[in-house]
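Numbering (my numbering), first residue to last: 6 to 412.
No residue lacks a Cβ here, since even glycine has one placed at the ideal position from N, Cα and C.
Remember, predicted model here, so these are calculated numbers, not experimental data.
Since the structure comes first, as structure tokens, the remarks are kept for the end.
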């Protein structure tokens, strides 16, 4: 029988004990860990309560972590549109470990870093640190708007770019525009992604503009930092955990993470991200078990007094052939209650009545009950076509659900 907290990392128990000691020093969390007398083995972690974002931020506010050497960098934790919750990392952002286990770039590559820089999001700097280790030639593209795509695509073709990285919601419209214009990127061999799930639509665009391009992915969060890697031989939802990550699958298949970094700054001990997963063999042939991420399990929000499973709505709408991307926008009005806008980026050659089809699909499905609210007030639901989804201006990430209050 495989141990629930299995890892080949020889420092695992020592680091877990050190993290527990740190958390015990936090006055607001002391009661949570008072009954954990000691950790005699990693299996004793089963008695440690899971940690969530609010718990971690309480700990960080008290501990005020500092790097063992170099600068201490502060980044936004998660893609929320609310008040930033912070995560910390030292210079280098732990990417030396990633480079040792994941060779997506090499010195001959010309790499476009398409993650937005600044505004407390860390992905641009994370991949810049990786590019430095790889010794490649880098292009710090950052965030660009739709009106700039044509000029940049010509530049990429002229410069014979071999690698391009970004979140899938950023990559898809850029590569889709190249396909529309008939621009080819014959030298592009590698597409790196991080921050969101892989967009299957990219598998339609890439063969048309860059037949030799293959995907390379990283999985993690600002709390855990990079937790797993993915190569072209792996399925897009399957990840190989790094030695610095102890991943446990708990009730409801929810994942929790324990950091095994000796000088890690975030005191991550059974930190629950909201993702669910399962252990699987990988098609790449690695003998080690791999983690299939099944998606988030914390996507339920209150809508007009009923629970709306945002993840279920997004998954069901995105599965329709006329839909390329989907995003939910809930707006709360003081006078009329909440409304739901379903923002849809239509698929190529989508029919003219795509909004009617999506609306009918939602109204004919239960989705946990809120369709009742739509039948009572049809104007509470709107399906709207958009060219691109709404990104978080601070982080550059595109969340599936945005909630806001009308001014």
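N- and C-terminal bounds of the beta strand (DSSP E) containing residue i
i, result
"residue 144", "142–145"
"residue 264", "259–264"
"residue 195", "195–198"
"residue 243", "243–246"
"residue 295", "295–301"
"residue 288", "Per DSSP, residue 288 belongs to no beta strand (DSSP E) and is neither H nor E."
"residue 190", "It is not in any beta strand (DSSP E) - residue 190 carries neither H nor E in the DSSP assignment."
"residue 389", "386–390"
"residue 220", "219–226"
"residue 37", "Note, residue 37: premise wrong, no beta strand (DSSP E); alpha helix (DSSP H) at 35–38."
"residue 55", "No beta strand (DSSP E) contains residue 55, which DSSP labels as neither H nor E."
"residue 253", "250–254"
"residue 337", "328–338"
"residue 406", "406–410"
"residue 273", "Run containing residue 273: none; DSSP gives neither H nor E here."
"residue 232", "230–235"
With 16 other Cβ atoms within 10 Å as the buried cut-off, status of residue i
i, result
"residue 87", "Its pLDDT being 47, under 50, residue 87 is placed unreliably in this model, and the coordinates cannot settle the point."
"residue 84", "Only weak support exists for where residue 84 lies, its pLDDT of 45 falling under 50; the coordinates are left without a value."
"residue 6", "Per-residue confidence for residue 6 stands at a pLDDT of 42, beneath the threshold of 50, marking its modelled position as unreliable; no derived number is given."
"residue 112", "exposed"
"residue 411", "exposed"
"residue 329", "buried"
"residue 284", "exposed"
"residue 405", "buried"
"residue 19", "exposed"
"residue 8", "exposed"
"residue 123", "exposed"
"residue 256", "exposed"
"residue 245", "buried"
"residue 119", "buried"
"residue 370", "exposed"
"residue 80", "buried"
"residue 170", "buried"
"residue 39", "exposed"
"residue 186", "exposed"
"residue 75", "exposed"
Under 8 Å between C-beta atoms of residue i and residue j
i, j, result
"residue 180", "residue 199", "no"
"residue 174", "residue 12", "no"
"residue 104", "residue 72", "no"
"residue 117", "residue 166", "yes"
"residue 82", "residue 201", "no"
"residue 300", "residue 323", "no"
"residue 172", "residue 240", "no"
"residue 332", "residue 394", "yes"
"residue 347", "residue 388", "yes"
"residue 10", "residue 68", "no"
"residue 125", "residue 168", "no"
"residue 223", "residue 248", "no"
"residue 203", "residue 220", "yes"
"residue 364", "residue 386", "yes"
"residue 207", "residue 184", "no"
"residue 197", "residue 243", "no"
"residue 22", "residue 47", "no"
"residue 142", "residue 114", "yes"
"residue 355", "residue 327", "yes"
"residue 53", "residue 41", "yes"
"residue 383", "residue 24", "no"
N- and C-terminal bounds of the alpha helix (DSSP H) containing residue i
i, result
"residue 169", "Premise fails: residue 169 lies in the beta strand (DSSP E), 168–171, not in any alpha helix (DSSP H)."
"residue 212", "207–214"
"residue 359", "359–368"
"residue 280", "Residue 280 -> not in any alpha helix (DSSP H); beta strand (DSSP E) instead, spanning 276–285."
"residue 318", "315–323"
"residue 163", "154–164"
"residue 344", "It is not in any alpha helix (DSSP H) - residue 344 instead sits in the beta strand (DSSP E) that spans 342–351."
"residue 134", "128–139"
"residue 18", "17–29"
Worksheet item: Are the region 64–76 and the region 30–48 in contact at 8 Å, needing three or more beta carbon pairs?
Response: Contact holds: three or more Cβ-Cβ distances are below 8 Å.
Discussion item. Three Cβ pairs or more, each shorter than 8 Å: is that satisfied between the region 313–329 and the region 266–283?
Written reply: Not touching, per the Cβ criterion.
Discussion item. For the structure I just gave you, are there three or more beta carbon pairs, one from the region 155–163 and one from the region 127–140, closer than 8 Å?
Written reply: By the C-beta criterion, the region 155–163 is judged not to be in contact with the region 127–140, since fewer than 3 inter-stretch pairs fall below 8 Å.
Worksheet item: How do the region 247–261 and the region 201–217 stand: do at least 3 beta-carbon pairs fall below 8 Å, yes or no?
Response: Using a C-beta cut-off of 8 Å, the region 247–261 makes no contact with the region 201–217, since fewer than three inter-stretch Cβ pairs fall below that distance.
Worksheet item: Whole beta strand (DSSP E) runs in the region 66–115 with 3 or more residues, listed along the chain?
Response: Here the runs fully enclosed are 77–81 and 91–95.
Worksheet item: Are at least three pairs of beta-carbons, each pair with one atom in the region 227–244 and one in the region 177–193, less than 8 Å apart?
Response: They do not touch, by the three-pair rule.
Discussion item. Across the region 150–159 and the region 87–101, are there enough close Cβ pairs to call them in contact, namely three or more that are closer than 8 Å?
Written reply: These segments do not touch.
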